[in-house]
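Novice:
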Amino acid sequence: MMTEPLLQVKEITKLYAANKGCANVSFDLYPGEVLGIVGESGSGKSTLLSCLSARLAPDSGTIQYRNRAGEMLDLYGLSESRQRQLQRTEWGIVHQHARDGLRMGVSGGANIGERLMATGERHYGNLRATAEQWMSDVELDTDRIDDKPTTYSGGMQQRLQIARNLVTHPRLVFMDEPTGGLDVSVQARLLDLLRRLVTELNLAVVIVTHDLAVARLLAQRLIVMRRGEVVETGLTDQVLDDPQHAYTQLLVSSVLTP
Amino acid sequence: MTSSPVRAGYNFAYLDEQTKRMIRRALLKAVAIPGYQVPFGGREMPMPYGWGTGGMQVTAAVIGHDDCLKVIDQGADDTTNAVSIRSFFRDLTGVDTTEETEAATLIQTRHRIPEKPLHEGQILIYQVPIPEPLRFIEPSEVETRKMHALEDYGVMHIKLYEDIAQFGHIATAYAYPVQVNGRYVMDPSPIPKFDNPKMDNSPALQLFGAGREKRIYAIPPYTEVRSLDFEDHPFEVQRWEASCAICGSESSFLDEVVMDDQGNHEFICSDTDYCRTRLAQQEERA
Amino acid sequence: MYVAVKGGEKAIRSAHELLARRRRGRQDVPELEVSQVEEQLSLAVDRVMTEGSVYDRELAALAIKQAAGDLVEAIFLLRAYRTTLNRFYSSEPIDTDAMEVERRISATYKDLPGGQVLGPTFDYTHRLLDFALLAEGEVEASNTEAVEARVDEAMARVSQLLEREGLMVNEADSGAEPADITREPPTYPCDRSARMQALVRGDEGFLLALGYSTQRGYGRNHPFAGEIRIGEVGVSIVPEELGFEVEIGAIQVSECEMVNGFTRLEGGEVKFTRGYGLGFGQCERKVMAMALVDRALQAAEYDEEIKSPAQQEEFVLSHCDNVEAAGFVSHLKLPHYVDFQSELELIRRIRTADAADNEEDRS
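Chains as they are written, first to last, in my numbering: chain A, 24 to 281; chain B, 1088 to 1373; chain C, 2 to 364.
Written out as structure tokens, the structure reads:
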């Protein structure tokens, strides 16, 4: 039964200036659900994502998260230490630029093992085995385990970043344009991988993207943002096939449908 | 009192009394929070930064007329820097000095812990160049202080993991990080990891001074000090195939001495007092 | 006045007269002789020769006197003179193995053939102002034994000992003609020899700060002072018409060989890496800083992550020259009336437009 929401967002506002940031955003997210936040750049979707993932305190509003133990936690009522703990255990954060989410100076294996070590794993052999398992799960050559991410291609770096996040079996993953900046063919492969992992691991995901094709492929529900405000929400197919708001109509029509 | 007079024009132990008090307050805080780096208003000393100004300020703050001071560098009493610091304090306090580990009440050290076990009532003062154990992986102080506060120590094991992946061993031979009292990860100063076990549950008080970085930290007597490691790659100390060419010791830390330009070498005890004592005992027995 | 543009010539002449008077100081104090600078401010002379790229104690001392003790200015004077000199020959590489050593220390071995020779050093002095010098008292005649003591034992080189055991990366003369950045401007990434030359000429303070930053975690390279030597080495040339080596004199140099953290090399072997520093005269701080920065700049060769200032070749080399740096910073004192006038015109135009907009909004 998915009666209890995982994340409850109520009237979140974070404004840098008028129309810059996000205002009055509310939604519930249920376990295993993928929510897309779409809109053009500057629409406030990345600001919202930072607020949701406890990296940027909102001006007003509340965000509540139900943890593994079933407690409802007020995100910004938590100490920084509890926030970090959530970020490295129950959550994942996948950045648009892999170098923001990876340690570029240490090997791929160490990148995957970091969260485990931070949460107390002290067996080298197990760390190694887990890292290899995750590398093959995200379709990385396990021979590259001791190579630094600087020697990886853009697509490989992104897959490493995903493995590094999923290694602690998070329940909720935040993704910021995870396929941005990659070649089209590489994008397609990464999307397939993400879709498979999301289903297999029953992940709840909040994904920010300006690419409606990505949203259609991954998200079940969409939030459309413009100038910091939510202009439309609904099931993905509904929103994309029968957009109600003029701005959504504009967005949809500007994308070449396959 | 046997003390000879202090050099004219200078206060006892060089620093003024207010400064010493300030340092003592920092020391008390450091003892209260084992392994935590306490910022302190470090002063300029008449020696260059990096040469033991932190250790000297700590020594100056705790030394009294009745103390007996031993100073070692690399384990030896006769290395130039040890000689220089010892003569500085003799000059500016008039206290007795010694080379015998067991006779000293204060031992200022650079890079070693004496081989002979320390006893209650002794204070070991370490000179520390870089007090921050997380520094090599995170250069920013703002970040590392936060990491300590949040006990966010995953990165320490990343370094150890990388060592094993690359070299098959944990490749840190000195300044090997430890966790003190189950809480703070601490840099033991650049002592060889050989000396790490001596820090654990030591009856002596251990004080650490970093002058340039303006930090003081401490390990109170009988405190748990654990060297970081992995279950399947446990912490190990160095061992030598050779024994000391002077006293024959097989269990002490050995220095390599190059004998000729062909690179032939011998090994001798780094701890000169330990070596001398063993030699004297052997001569007595003979 | 500075503003009186047309009166500039006269203003400049007066400024120079004032400067000459300021340099001379009070007339009742005897004038400083160049030989006094040369003999009694010898470490300043060494720095000026090193960064000025001319080995001539007298000229360096003259530059210091003329610059009223401003060493960056003195280095500039010497460099400016250097460009006027003809180049007759390039010397053969100096051989520091054959150095007449007056100071030699190693921080990696307690003892080694040739021993630790402290020589003249500030190390281990207590930094207490010596008021005896203020009283103009002569230091009692020095103990000649200490001064004359020379070490007869052959001095093994720490780097060679480690190389022989296969513990340190080898460095051998490639035989290639070294770069000369005073003739061919450096291009990046640049040759090690060009890098070295830039570092020798580089500002001591700048390199010191960069070297220090590597020790504090910004590009750490785990240095040990393997060996520091100071002493005289012979300089020789091979005149074309003769075809054999002729020694033309000796110079005093300082040399530092750092033993740095080990790494697994491409071939699979694990070895210590190394950094090198060399300078004219006694300039230990400079050569140590140089060796740290030299090693930091090898980051790319060892596949290390390059993210700290000291590791960035172009950044380091293009900013380390204090003659260039001082020149460009000080050029801000030159008139920029025209550029500034253009900016003034623009900012006024923008503000006027803004004011008009606001007026419109209000109405």
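Using N, Cα and C, we set each Cβ at its ideal position, and we do this for glycine too.
1. Return no unless some Cβ of chain C is closer than 9 Å to the Cβ of B/Arg1222.
2. Out of B/Val1272, B/Leu1115, B/Pro1201, point me to the one whose CA is closest to B/Phe1232's CA.
3. Between which two residues does the beta strand (DSSP E) holding C/Lys66 run?
4. Taking only beta-carbon atoms, is C/Glu103 less than 9 Å away from chain A?
5. Excluding the five sequence neighbours on either side, which residues of its own chain have a C-beta within less than 6 Å of the C-beta of A/Ala211, listed in chain order?
6. Could you say if the segment 44-58 of chain A and the segment 101-111 of chain A meet the contact criterion of at least three C-beta pairs nearer than 8 Å?
7. Apply the 10 Å Cβ neighbour rule to C/Arg349 and answer buried if 16 or more other Cβ atoms are within range, or exposed otherwise.
8. Among the candidates B/Arg1094, B/Cys1334, B/Asn1168, whose CA atom is the shortest distance from the CA of B/Gln1369?
9. What are the uninterrupted segments assigned as beta strand (DSSP E) that are 3 or more residues long and contained completely in the segment 194-229 of chain A, given in chain order?
10. Any beta carbon of chain A sitting closer than 9 Å to that of C/Lys308?
11. Let me confirm a value: C/Val330 is counted as buried when at least 16 other C-beta atoms fall within 10 Å, else exposed. Which label applies?
12. Buried or exposed for C/Thr145, please, with buried defined as at least 16 other CB atoms from any protein chain shown within 10 angstroms of its CB.
13. Give the residues of chain B in contact with C/Pro114, contact being defined as C-beta atoms less than 8 Å apart.
14. I'd like to know if C/Lys111 contacts chain B, where contact means its C-beta is closer than 9 Å to some C-beta of that chain.
15. Determine, using beta carbons only, whether C/Met383 comes closer than 9 Å to chain B.
16. Can you pull the chain B residues whose beta carbon is under 8 Å from the beta carbon of A/Asp123, in chain order?
17. Which residues mark the beginning and the end of the beta strand (DSSP E) in which B/Cys1356 is found?
18. Please classify A/Leu72 as buried or exposed, where buried requires at least 16 other C-beta atoms within 10 Å of its C-beta.
19. State yes or no: is the beta carbon of A/Ile168 nearer than 9 Å to at least one beta carbon in chain B?
20. Return the residue from the list B/Thr1167, B/Gln1325, B/Met1109, B/Asp1239 that minimises the CA-CA distance to A/Arg105.
21. C/Lys111 and B/Gln1349 look like a contact to me (Cβ under 8 Å); what is the Cβ gap, rounded to whole Å?
22. Considering only residues of the same chain and omitting the five flanking positions on each side of A/Gly177, which have a CB-CB separation below 6 Å?
23. In terms of residue numbering, what span does the beta strand (DSSP E) encompassing B/Tyr1304 cover?
24. At the level of alpha carbons, what is the spacing between B/Ala1236 and B/Val1265?
25. Does chain C have any CB closer than 9 Å to the CB of A/Met179?
26. Between C/Ala99, C/Phe281, C/Ala301, C/Tyr56, which lies nearest to C/Gly220 when the distance is taken from Cα to Cα?
27. Under 7 Å between beta-carbons, which chain A residues line up against B/His1244? List them in chain order, please.
28. Checking contacts by CB at 9 Å: is C/Gln313 closer than that to chain B?
29. Tell me the DSSP bridge mates of A/Val48?
30. Return the CA-CA distance between B/Tyr1136 and C/Glu246, expressed in angstroms with no decimal places.
31. Could you tell me whether the Cβ of C/His127 comes closer than 9 Å to any Cβ of chain B?
32. Cβ of C/Asp355 less than 9 Å from any chain A Cβ?
33. Between B/Ala1262 and B/Pro1277, which are expected to be in contact by the criterion C-beta below 8 Å, what is the C-beta distance as a whole number of angstroms?
34. Closest Cβ-Cβ distance between C/Val271 and chain B: below 9 Å?
35. Between which residues of its own chain and C/Ser319 is the CB-CB distance below 6 Å, once the five residues before and five after are set aside?
36. I'd like the span of the alpha helix (DSSP H) that includes B/Met1134, first residue to last.
Specialist: In terms of the structure at hand:
1. As a working note, residue 1222 of chain B is residue 135 in the second sequence. So, interface residue.
2. Taking the second sequence and counting its residues from 1, the one referred to as residue 1232 of chain B is at position 145. At residue 1232 of chain B the sequence reads Arg, which differs from the Phe that was named. Of the listed residues, the one whose Cα sits closest to B/Arg1232 is B/Val1272.
3. Residue 66 of chain C sits at position 65 when you count from the first residue of the third sequence. No beta strand (DSSP E) holds C/Lys66; the alpha helix (DSSP H) holding it covers 58-67.
4. Here residue 103 of chain C refers to the residue found at position 102 when the third sequence is read from its first residue. Judged by the 9 Å Cβ criterion, C/Glu103 is not in contact with chain A.
5. Here residue 211 of chain A refers to the residue found at position 188 of the first sequence. Excluding sequence neighbours, A/Ala211 sits near nothing in its chain.
6. no
7. One-based indexing of the third sequence puts residue 349 of chain C at position 348. Result: exposed.
8. If you number the second sequence from 1, residue 1369 of chain B lands on position 282. If we check each option's Cα against that of B/Gln1369, B/Cys1334 comes out closest.
9. Qualifying beta strand (DSSP E) stretches, in chain order: 195-199.
10. Residue 308 of chain C sits at position 307 when you count from the first residue of the third sequence. Yes, because at least one Cβ of chain A sits closer than 9 Å to the Cβ of C/Lys308.
11. In the third sequence, the residue the question calls residue 330 of chain C occupies position 329. By the 10 Å Cβ count, C/Val330 comes out exposed.
12. As a first step, residue 145 of chain C is located in the third sequence; it is residue number 144 there, counting from the start. In this predicted model, C/Thr145 has a pLDDT of only 48, less than 50, meaning its place in the structure is not dependable enough to derive any value.
13. Residue numbering aside, residue 114 of chain C sits at position 113 when the third sequence is read from its first letter. Going along chain B in sequence order, the residues near C/Pro114 (Cβ under 8 Å) are Val1345, Met1346, Asp1347, Asp1348.
14. Position 110 of the third sequence holds residue 111 of chain C. Closer than 9 Å: yes.
15. Any answer about residue 383 of chain C is impossible in this case: the structure gives chain C only from 2 up to 364.
16. On the first sequence, position 100 is the one that residue 123 of chain A refers to. Ordered by position in chain B, no residue passes the 8 Å Cβ test against A/Asp123, which lies about 15 Å from the chain.
17. Along the second sequence, read from residue 1 onward, the residue named residue 1356 of chain B stands at position 269. B/Cys1356 -> beta strand (DSSP E) spans 1352-1356.
18. Counting from 1 along the first sequence, the entry for residue 72 of chain A is found at position 49. Residue environment: A/Leu72 is assigned as buried (16 or more neighbouring CB atoms within 10 Å of its CB, all protein chains considered).
19. Within the first sequence, residue 168 of chain A is the residue found at index 145, counting from 1. For A/Ile168, the answer is yes, since a Cβ of chain B falls inside 9 Å of its Cβ.
20. Taking the first sequence and counting its residues from 1, the one referred to as residue 105 of chain A is at position 82. With distances taken between Cα atoms, A/Arg105 lies closest to B/Asp1239.
21. For the purposes of this step, residue 111 of chain C is taken as the residue at position 110 of the third sequence. For the purposes of this step, residue 1349 of chain B is taken as the residue at position 262 of the second sequence. In fact, because the Cβ distance is near 18 Å, the residues do not count as touching under 8 Å.
22. Walking along the first sequence from the start, residue 177 of chain A turns up at place 154. The residues are Leu205.
23. The count along the second sequence starts at 1 and reaches residue 1304 of chain B at position 217. From DSSP, the beta strand (DSSP E) with B/Tyr1304 extends over 1302-1306.
24. Residue mapping note: residue 1236 of chain B aligns to position 149 of the second sequence, counting from 1. Residue mapping note: residue 1265 of chain B aligns to position 178 of the second sequence, counting from 1. Using only the alpha carbons, I get a separation of about 16 Å.
25. The residue you call residue 179 of chain A lines up with position 156 of the first sequence. So no, A/Met179 is outside the interface.
26. The count along the third sequence starts at 1 and reaches residue 220 of chain C at position 219. Taking C/Gly220 as reference, the option from C/Ala99, C/Phe281, C/Ala301, C/Tyr56 with the minimal CA-CA separation is C/Ala301.
27. In the second sequence, residue 1244 of chain B corresponds to position 157, counting from 1. Correct list: Met140.
28. Counting from one through the third sequence, the residue named residue 313 of chain C turns up at place 312. Answer no: the Cβ-Cβ gap between C/Gln313 and chain B never drops below 9 Å.
29. Locating residue 48 of chain A in the first sequence gives position 25, where the first residue counts as 1. In the DSSP output, where bridge partners are listed per residue, A/Val48 has A/Ile35.
30. As a working note, residue 1136 of chain B is residue 49 in the second sequence. As a working note, residue 246 of chain C is residue 245 in the third sequence. Between B/Tyr1136 and C/Glu246, the C-alpha separation is close to 46 Å.
31. Looking up residue 127 of chain C in the third sequence gives position 126. C/His127 counts as touching chain B.
32. Translated into the one-based positions of the third sequence, residue 355 of chain C becomes position 354. Closer than 9 Å: no.
33. Counting from one through the second sequence, the residue named residue 1262 of chain B turns up at place 175. Counting from one through the second sequence, the residue named residue 1277 of chain B turns up at place 190. Contact flag correct, Cβ pair sits at about 4 Å.
34. Taking the third sequence and counting its residues from 1, the one referred to as residue 271 of chain C is at position 270. C/Val271 has a beta carbon lying within less than 9 Å of a beta carbon in chain B.
35. Position 318 of the third sequence holds residue 319 of chain C. Closer than 6 Å at Cβ, skipping near neighbours: no residue.
36. For the purposes of this step, residue 1134 of chain B is taken as residue 47 along the second sequence, with counting starting at 1. B/Met1134 -> no alpha helix (DSSP H), and no H or E assigned at all.
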